[in-house]
Structure formats: C-alpha cells, structure tokens
Amino acid sequence: MTALTSSVAQYPPFHDSDDKVFTTRDAVIVLDGASAHAPVPVSPSTYADSLGRRLHDHLDHDAGIDLADVLADAITATTAQLCLTAGASPSSTVTILRRRDEHVDVLMLGDNLLVAPGRTITDPRLGHLDIPERHLYKQRLATGTGFDDTHRGLLVTLQRRQAARRNRPGGYWIAETDPAAAYHAIRATIPVDQIPWAIVATDGAYAPMKHLGITDWPTISAMTTAVLHDILDRCHTWEHDTDPDARTLPRAKRHDDKTLAAVRMQLQG
Numbered sequence: 012m013t014a015l016t017s018s019v020a021q022y023p024p025f026h027d028s029d030d031k032v033f034t035t036r037d038a039v040i041v042l043d044g045a046s047a048h049a050p051v052p053v054s055p056s057t058y059a060d061s062l063g064r065r066l067h068d069h070l071d072h073d074a075g076i077d078l079a080d081v082l083a084d085a086i087t088a089t090t091a092q093l094c095l096t097a098g099a100s101p102s103s104t105v106t107i108l109r110r111r112d113e114h115v116d117v118l119m120l121g122d123n124l125l126v127a128p129g130r131t132i133t134d135p136r137l138g139h140l141d142i143p144e145r146h147l148y149k150q151r152l153a154t155g156t157g158f159d160d161t162h163r164g165l166l167v168t169l170q171r172r173q174a175a176r177r178n179r180p181g182g183y184w185i186a187e188t189d190p191a192a193a194y195h196a197i198r199a200t201i202p203v204d205q206i207p208w209a210i211v212a213t214d215g216a217y218a219p220m221k222h223l224g225i226t227d228w229p230t231i232s233a234m235t236t237a238v239l240h241d242i243l244d245r246c247h248t249w250e251h252d253t254d255p256d257a258r259t260l261p262r263a264k265r266h267d268d269k270t271l272a273a274v275r276m277q278l279q280g
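Here it is as structure tokens:
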C-alpha cells in the first residue's frame with residue numbers, strides 16, 4: 012500500500028493569499044485565484060477558497076470519484092453560492108494530485124506547475140493566446156517603466172480580452188462559472204511506482220524559482236515545510252530588493268502569492 016504525504020509552504024499565509032491548498036488522505040489540491048485587475052463581485056481569494064473547500068469535501072468523502080466530475084460539481088456549487096456571472100467573475104487555476112490504488116491521477120486547469128521524475132505538467136493555453144497587451148506590459152517593464160498608471164491600464168485591458176476568450180474553443184479553460192471547463196482540463200494517470208515524488212507550484216513561486224535557478228526538484232521534494240518556506244522567502248526578498256520594478260523578470264505585480272507543495276509516495280507494510 013502506498014501512502015501520500017506532503018509538505019506545504021505559502022507566502023503570504025493561507026488566509027492572506029489568493030493561493031489556496033487543501034489536502035486529504037489521498038489528495039493535494041492547489042488553487043491560484045487570478046488577480047482581479049478589473050472589478051469582480053467577490054475576491055479571488057473567496058472564490059478559490061470556496062471552490063477548494065468543495066473539492067476537498069468531495070474527495071475526502073469519495074476518494075475514487077472522477078476528478079473532472081468533482082471539479083464540475085464544485086464549480087456549479089460555488090457559482091450558485093457566490094451568485095456569479097460568466098465573464099464578470101473571479102477565476103482560479105486548479106491542480107489536483109490524487110493517489111488512487113496503485114496509480115496517481117492528475118488534473119490541471121491553468122498555469123500551475125507539476126514536476127515529477129521524468130515529466131512536467133502545466134496548462135499553457137492562456138499563455139499561448141496572442142493578446143498584444145500581454146507582450147506590451149512586459150516590454151515596458153523591461154525598459155524600466157515600473158508599475159505605473161499605464162501598466163495598470165494595460166492589465167485591465169488584458170484581463171478583459173482574456174475574459175472574452177475564457178472557457179471557449181480556441182481560447183483557454185479555467186475554473187470560473189462554467190462546469191464544462193472541468194472536462195477540458197489537462198489530465199494524466201501515472202503508475203505510482205513511476206512517481207515517488209511530485210512538486211506542485213503556483214506561478215508566483217516557480218517563475219522566480221526558475222529565474223534564480225532553484226530547480227533541484229528531487230531535493231526540494233524531500234524538504235520540510237520550514238525549508239520550503241525559506242525558498243519562498245528568498246524569492247520574495249529577491250523581488251523586493253533586487254528587482255522591485257520587475258525589470259529583470261517582467262511580471263504583473265511586484266509580488267505574486269507563492270505556494271509550494273512537496274508530495275511524496277511512501278510504501279507502507
């Protein structure tokens with residue numbers, strides 16, 4: 012029998028973050044509520060928290076349920092609870108890693124990152140959209156403009172253009188109000204003996220980690236929560252002290268919320 016264990020670090024802490032992590036005996040669920048540059052009826056944190064709690068409760072009750080079904084149900088329930096409207100609501104990435112018998116199931120919507128031996132899983136569809144404002148804001152930051160009013164205006168326009176292509180063919184799929192998005196997720200089923208460990212990270216963590224060369228994933232997979240937090244603190248400090256205007260590593264804001272989950276599969280007698 013194989014048991015799932017995990018170490019999780021977040022910066023800032025859970026209640027102050029748009030990132031949310033939930034764990035059950037068999038699963039780790041990581042969500043990243045998208046920063047809302049245009050007004051939305053509830054905060055990204057509230058949306059990700061509500062969605063994540065429903066995913067947790069479903070998976071805790073029925074460890075073998077189909078992951079797309081459980082996500083679709085959670086999106087429907089969260090949409091009703093928060094009275095949300097398609098296209099004018101917060102959204103969130105979702106990554107679920109679940110041990111099921113002698114396999115590990117992965118479901119991913121959005122640009123979280125999952126790294127395991129010999130494989131990397133992410134959802135690149137949003138990043139592949141050719142939206143001019145995305146390129147323009149990064150070009151401006153690289154020249155030293157900083158987070159000025161023009162930058163903030165570009166982000167609002169970018170987010171509105173993204174919303175117009177959300178959850179439709181030729182665009183991208185994300186957790187918002189449409190339960191059909193769950194059935195367009197990136198999915199994988201991996202024999203448990205091929206995945207002794209995995210790392211799940213939100214983009215706010217892995218982008219600076221990659222830039223700083225903190226990518227020894229096998230070593231990171233064995234780290235405690237305290238050591239994982241040290242990594243996130245190092246990334247935050249670098250953003251604050253070395254690249255405060257995002258000139259070296261162009262990004263939407265100085266600090267994005269950061270989450271790292273190190274998951275291990277251990278044989279039990």
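All residue numbers for the sequence shown refer to the working numbering, where the first residue is 12 and numbers rise by one.
Quick reminder that beta carbons are idealized off the backbone N, C-alpha and C, glycines included.
Spanning the alpha carbons of SER56 and PRO202 requires a straight line of approximately 34 Å.
Here DSSP, grouped into helix, strand and coil, assigns ARG163 to helix. The C-alpha of PRO52 is placed about 12 Å away from the C-alpha of GLU187. Rounded to the nearest whole angstrom, the CA to CA distance from TYR194 to VAL81 is 10 Å.
Per DSSP, the continuous beta strand (DSSP E) segment holding PRO202 begins and ends at 197-202. At least 8 Å separates the beta-carbon of PRO135 from that of ALA45. Under the three-pair Cβ rule at 8 Å, the region 171-183 does not count as touching the region 203-214. In this structure SER18 is not in contact with LEU243, their Cβ atoms being roughly 12 Å apart against a cut-off of 8 Å. In its chain, beyond the 5 residues on either side, ALA174 have a beta carbon closer than 6 Å to the beta carbon of GLY98. In this structure, DSSP gives ALA273 an extended state, which the three-state scheme calls strand. Excluding sequence positions up to five before and after THR235, its CB lies within less than 6 Å of the CB of SER18, all in the same chain and listed in chain order. Looking at the DSSP output, LYS31 sits in a beta bridge with LEU42.
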